[in-house]
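J.: Per this note's numbering, residue 3 is the first one in the sequence shown, and the count goes up by one each step. For each residue, glycine too, the CB sits at the ideal point set by N, CA and C. The model shown is predicted, which means the values in this text are computed figures rather than measured ones. So that we are looking at the same thing, I have put the structure below in structure tokens.
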Amino acid sequence: MTRSGLKVPDQSDRTGVQVIARAAAVLRALKGSSGMSLGQIASRVELPRSTVQRIVGALQAERLVIATSGGAGIRLGPELHALSEAARFNVVDLMRPMLLRLSAQTEETVDLSVLRDGKMVFIDQVPGSHRLRAISAVGEVFPLATTANGRACLSLLGDEEAMRLLKAEGLASTDGVMAKLADVRRLGLAFDEDEHTPGISAVGLGFIDPRGDTYAVSVPVPTSRFAQQRDRVSAALRLLREPINEIIGR
């Protein structure tokens, strides 16, 4: 049956949607767990144990969940890993339109970098429109402690992990950088004011994708005009937070 050209969901449609929603709730409940009993899952998702048992049985048949080695619990199955790999998105492709808009708004160079092996690796860049502009090659590696993108990423880690990475860079003391990271967490942005490369300052914004990889969008600006650009660039970067969260599903 249709109404104004639209299909009116019947009872079977609604039931099917409900089953999918309940199965998704079970899978989310198992996320991060090494194994849960049917009773524990039922309590977590607030469904009858009998309902959870039927859902788990169907998920087991598709290898989306499996029994733990001891057989006393249920955990996520290997098929989910295969599906996640197939659905893995390309951060560079997804972020490119945002980098282009940000560069057009600020007229400055915009970089995208990823935290890899304790260093920031540049994976994309949109050059600014000014004749005097900062340029770095894709693939170039930068440190964490003295860069805006590095500090933006460090601020998203726990203190223990951040200190471990800083010590690996050879810092005699991490106190100064850790104090700056507290400011980054409070402000939501990281700054490098002539600290890494003389004549270049920068603002950075960090984010984590669904796979747990840590990235930063940064805007390097010649220090000669950084004071006049700082607020403009900072405001434009802050506006990226929501659309980034939308595309990465946070």
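Less than 8 Å separating the beta-carbons of G152 and V123?
T.: As a position in the sequence shown, residue 152 is number 150, starting the count at 1. As a position in the sequence shown, residue 123 is number 121, starting the count at 1. Going by C-beta atoms, G152 is not nearer than 8 Å to V123.
J.: Indicate the three-state DSSP secondary structure (helix, strand or coil) for G172 in the structure shown.
T.: Here the question's residue 172 lines up with position 170 in the sequence shown. Coil.
J.: Answer yes or no: the CB of I68 versus the heavy atoms of the ligand SAM, is any distance below 7 Å?
T.: What this structure holds is no ligand at all, so the ligand SAM is not there to describe.
J.: Would you kindly work out how many angstroms separate the C-alpha atoms of L158 and A192, rounded to a whole number?
T.: Sequence index remark: in the sequence shown, residue 158 carries index 156 (1-based). Sequence index remark: in the sequence shown, residue 192 carries index 190 (1-based). Approximately 11 Å, taken between the alpha carbons.
J.: Given this structure, state the Cα-to-Cα distance separating P11 from L102, to the nearest angstrom.
T.: Taking the first residue of the sequence shown as 1, we reach residue 11 at position 9. Taking the first residue of the sequence shown as 1, we reach residue 102 at position 100. Here P11 scores only 47 on pLDDT, less than 50, and its place in the model should not be relied on; the value that follows carries that caveat. Computed Cα separation, rounded: 42 Å.
J.: If I follow the unbroken alpha helix (DSSP H) through T108, where does it start and stop?
T.: For this step, residue 108 is matched to residue 106 along the sequence shown. Segment 93 to 108, the alpha helix (DSSP H) holding T108.
J.: Going by DSSP, what residue range makes up the beta strand (DSSP E) through G34?
T.: As a working note, residue 34 is residue 32 in the sequence shown. Per DSSP, G34 belongs to no beta strand (DSSP E) and is neither H nor E.
J.: By the three-class DSSP mapping on this structure, what secondary structure does V149 have?
T.: Position 147 of the sequence shown, counted from the start, is the residue given in the question as residue 149. First, the amino acid is wrong: residue 149 is Thr here, not Val. It is coil, neither helix nor strand.
J.: Tell me where the alpha helix (DSSP H) around R51 begins and ends.
T.: By one-based count along the sequence shown, residue 51 stands at place 49. Run containing R51: 51 to 63, per the alpha helix (DSSP H) assignment.
J.: Sort P200, D95, P80 by Cα distance to L114 and report the nearest one.
T.: Locating residue 114 in the sequence shown gives position 112, where the first residue counts as 1. For L114, the nearest C-alpha among the options comes from D95.
J.: Rounded to the nearest angstrom, what separates R240 and S39 at their Cα positions?
T.: Taking the sequence shown and counting its residues from 1, the one referred to as residue 240 is at position 238. Taking the sequence shown and counting its residues from 1, the one referred to as residue 39 is at position 37. Rounded to the nearest angstrom, the two C-alpha atoms are 43 Å apart.
J.: I'd like the span of the beta strand (DSSP E) that includes T225, first residue to last.
T.: Counted from its first residue, the sequence shown places residue 225 at position 223. Per DSSP, T225 belongs to no beta strand (DSSP E); it is in the alpha helix (DSSP H), 225 to 240.
J.: Mind the definition here: the region 29 to 49 touches the region 60 to 80 only if three or more C-beta pairs lie below 8 Å; say whether that holds.
T.: Contact holds: three or more Cβ-Cβ distances are below 8 Å.
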